[in-house]
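Numbering (our numbering), first residue to last: 15 to 345.
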């Protein structure tokens with residue numbers, strides 16, 4: 015397989031799962047002390063992960079939880095962020111200016127900040143109240159935080175059973191998804207690597223990832239124009255510009271919002287002959303109970319997208335780490 019290190023992928027997933035005792039220690043401390051609400055704060059890709067965390071929680075918990083864009087927080091503020099708020103952040107470099115400044119503002123307010131920062135020596139790492147430093151798997155780290163809070167609130171009775179399956183089977187399952195998706199990823203890349211624009215449609219716990227994949231991967235890293243749209247909003251404007259040859263990809267999850275994307279899938283053959291459906295249900299995750307698969311849809315689809323990305327990168331002869339403007343110019 016092109017650019018695939020099976021051992022590294024598995025070890026990265028297992029390493030993230032092994033953070034759970036550290037995460038639980040922090041969450042338990044905050045729960046025991048008391049808090050008013052949870053704010054997931056980010057920008058760009060981390061903002062997308064914040065969206066996913068809120069969707070993951072909102073149908074299961076009565077805890078007040080919301081996401082906030084760091085730049086908007088700096089300009090407009092949010093009165094729901096108080097000294098009793100837990101703010102959860104994530105950063106690869108620890109140097110994204112909007113996030114650094116937003117956390118400083120949280121410090122001034124007196125909010126508690128829990129940070130996942132890959133570089134423990136970064137300035138941002140010195141500004142948070144609780145720090146865990148481990149690269150990759152941002153969504154998984156966020157979900158583990160959310161799940162622990164819901165468990166402590168008495169809203170996740172299957173917590174222990176779920177993580178027993180995750181610890182035993184998740185990492186290996188994701189590796190197998192990438193293997194199974196490789197041929198599809200190559201075919202998709204060959205078909206779409208020169209698209210003038212590509213439309214990505216998603217819902218539920220995949221929406222944040224859909225937004226991120228369009229913007230942070232295809233636009234930022236592949237330099238291909240895209241638009242992302244929520245499945246339930248597709249019929250309120252966007253579908254009027256879809257024609258026979260318009261490239262459209264629809265992500266279908268196994269969570270409670272699956273039907274929203276299925277509605278798009280059922281409709282689109284009437285107007286388009288250039289659509290693709292990526293359905294989490296099509297990929298096996300041995301050892302994971304059916305009742306838990308809905309929560310894992312974003313990780314399954316991310317593994318599929320990984321195979322698309324490496325083939326687009328190869329075909330276009332454009333390394334994904336190259337940027338025109340990001341961190342190259344002052345802005």
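For each residue, glycine too, the CB sits at the ideal point set by N, CA and C. This structure is a prediction, so every number in the text was calculated from the model and none was measured.
When you compare the region 271–285 with the region 159–167, are there three or more beta-carbon pairs, one atom per stretch, that lie closer than 8 Å? no
Give the DSSP bridge partners of residue 8, in chain order. Shown here, the chain extends from 15 to 345; a query on residue 8 therefore has no answer.
According to DSSP, what are the bridge partners of residue 263? Along the chain shown, one-based indexing puts residue 263 at 249. According to DSSP, residue 263 bridges with 214 and 290.
Three-state secondary structure (DSSP) of residue 331: Looking up residue 331 in the chain shown gives position 317. Reduced to three states, the DSSP call for residue 331 is coil.
In this structure, how does DSSP classify residue 56 when only helix, strand and coil are distinguished? Numbered from its first residue, the chain shown carries residue 56 at position 42. DSSP places residue 56 in strand when its eight states are reduced to three.
Pick from 53, 89, 320 and 106: whose alpha carbon is nearest that of residue 126? Along the chain shown, read from residue 1 onward, the residue named residue 126 stands at position 112. Ranking 53, 89, 320 and 106 by Cα distance to residue 126 puts 53 first.
Using the C-alpha atoms, what's the distance from residue 190 back to residue 275? Taking the first residue of the chain shown as position 1, residue 275 is located at position 261. Taking the first residue of the chain shown as position 1, residue 190 is located at position 176. Roughly 25 Å between the two C-alpha positions.
How is the beta strand (DSSP E) around residue 39 delimited, first residue to last? Locating residue 39 in the chain shown gives position 25, counting from the first residue. Per DSSP, residue 39 belongs to no beta strand (DSSP E); it is in the alpha helix (DSSP H), 34–47.
Looking at the structure shown, is residue 92 part of a helix, part of a strand, or coil, going by DSSP? Residue numbering aside, residue 92 sits at position 78 when the chain shown is read from its first letter. In this structure, residue 92 counts as coil in the three-state DSSP scheme.
Identified DSSP bridge partners for residue 131: Counting from one through the chain shown, the residue named residue 131 turns up at place 117. Bridge partners of residue 131: 105.
Residue 43 burial status per 10 Å Cβ neighbour count (16 or more: buried): By 1-based counting over the chain shown, the position of residue 43 is 29. Looking at its Cβ environment, which holds fewer than 16 other Cβ atoms inside 10 Å, residue 43 is exposed.
Since residue 154 is in the alpha helix (DSSP H), which residue starts that stretch and which ends it? Translated into positions along the chain shown, residue 154 becomes position 140. Segment 152–166, the alpha helix (DSSP H) holding residue 154.
List the whole-angstrom C-beta distance separating residue 217 from residue 246, where the pair is believed to meet the contact cut-off of C-beta under 8 Å. By one-based count along the chain shown, residue 217 stands at place 203. By one-based count along the chain shown, residue 246 stands at place 232. Right, the Cβ-Cβ distance comes to about 6 Å (below 8 Å), so this counts as a contact.
Looking at the strands, I want to know which residues DSSP matches up with residue 122. Taking the chain shown and counting its residues from 1, the one referred to as residue 122 is at position 108. Answer is none; residue 122 lacks a bridge partner.
Thinking just about the alpha-carbon of each residue, which of 345, 34, 208 and 338 is nearest to the one in residue 174? Within the chain shown, numbered from 1, the residue matching residue 174 stands at position 160. Cα-wise, what sits closest to residue 174 is 34.
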